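Counted the way my numbering counts, the sequence shown spans residues 288 to 462.
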Amino acid sequence: RAQRADTDQDGRISRAEFVSRRLDRLTAADTDRNGTVTPEERQGQRQAGRQQRAEARFARLDADNDGRLTREEFTAVRGPRADHAARPGRDHARPGRHGPRDAHAGSRNQRGPVVIAEMQARSEQAFARLDADNDGFVTTEERRAGKQAAREHRRERMAERRAARQASPQTPASE
Numbered sequence: 288r289a290q291r292a293d294t295d296q297d298g299r300i301s302r303a304e305f306v307s308r309r310l311d312r313l314t315a316a317d318t319d320r321n322g323t324v325t326p327e328e329r330q331g332q333r334q335a336g337r338q339q340r341a342e343a344r345f346a347r348l349d350a351d352n353d354g355r356l357t358r359e360e361f362t363a364v365r366g367p368r369a370d371h372a373a374r375p376g377r378d379h380a381r382p383g384r385h386g387p388r389d390a391h392a393g394s395r396n397q398r399g400p401v402v403i404a405e406m407q408a409r410s411e412q413a414f415a416r417l418d419a420d421n422d423g424f425v426t427t428e429e430r431r432a433g434k435q436a437a438r439e440h441r442r443e444r445m446a447e448r449r450a451a452r453q454a455s456p457q458t459p460a461s462e
């Protein structure tokens, strides 16, 4: 993803590239152009993205561009794995296979509207945190260090919450 943000391909991400990368998708989702992206607008953007990806996958498979997939076209791209796809009793369709992400799948749409100006300010702050040498660019090393710092901060917060839960008195079961 970081390489996509580096639009001039110079190996580092400028403040403008960083902020633009974060705001372009929001701006595109703001269909009524009021500076706020509603959950419905975000859902519409996600749906359109899914449709585009599905069409691109189909186009890659449809070698003769006739709008239909033959077994040969499907097998040519998938190779030997095509015979193993979605067999009954296999682990492919097991519920909960995607782990913790499944637990939050329904809650993503519950967030309120996103104000683009606020997101721009947050993006500017995030860039400032990552740009350790304050040269106006974020390098690969600075991104890695930022990810590591965020990971450590997340672990600390989780440990604090865990300790707080363990320290709080247990409420007796109601009778």
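From the three backbone atoms N, C-alpha and C, an ideal C-beta is built for every residue, glycine too. As the structure is a computational prediction, the values presented were derived from the model and not from experiment.
Asked                                                                                         : Found
For SER410, three-class secondary structure by DSSP                                           : helix
Rounded separation between PHE463 and THR318 - CA only                                        : The structure shown does not extend to residue 463, since the chain spans only 288 to 462, so no value can be given for it.
DSSP beta-bridge partners of SER301                                                           : PHE424
THR294 - DSSP class collapsed to helix/strand/coil                                            : coil
Residues bridged to THR323 (per DSSP)                                                         : VAL402
At least 3 beta-carbon pairs within less than 8 Å: the segment 297-315 vs the segment 405-419 : yes
Presumed contact (8 Å Cβ cut-off) between VAL402 and ARG299, rounded CB distance              : Contact flag wrong, Cβ pair sits at about 29 Å.
Proximity of GLN332 and ALA315 at Cβ, strictly below 8 Å                                      : yes
C-alpha gap between PRO456 and ARG441, whole angstroms                                        : 25 Å
Whether PRO326 touches ARG444 by CB criterion (8 Å)                                           : no
Helix, strand or coil at ARG355 according to DSSP, with G and I counted as helix              : coil
Candidates ALA437, GLU429, PRO400, of which the one nearest LEU313 by Cα                      : PRO400
Burial state of ARG329 (16 or more Cβ within 10 Å)                                            : buried
Whole-angstrom distance between GLU359 and ARG388, CA atom to CA atom                         : Residue confidence is low: ARG388 scores 45 on pLDDT, short of 50, so the model does not pin down where it sits. No coordinate-derived value is stated.
Three-state class that DSSP yields for GLU447 in the structure shown                          : helix
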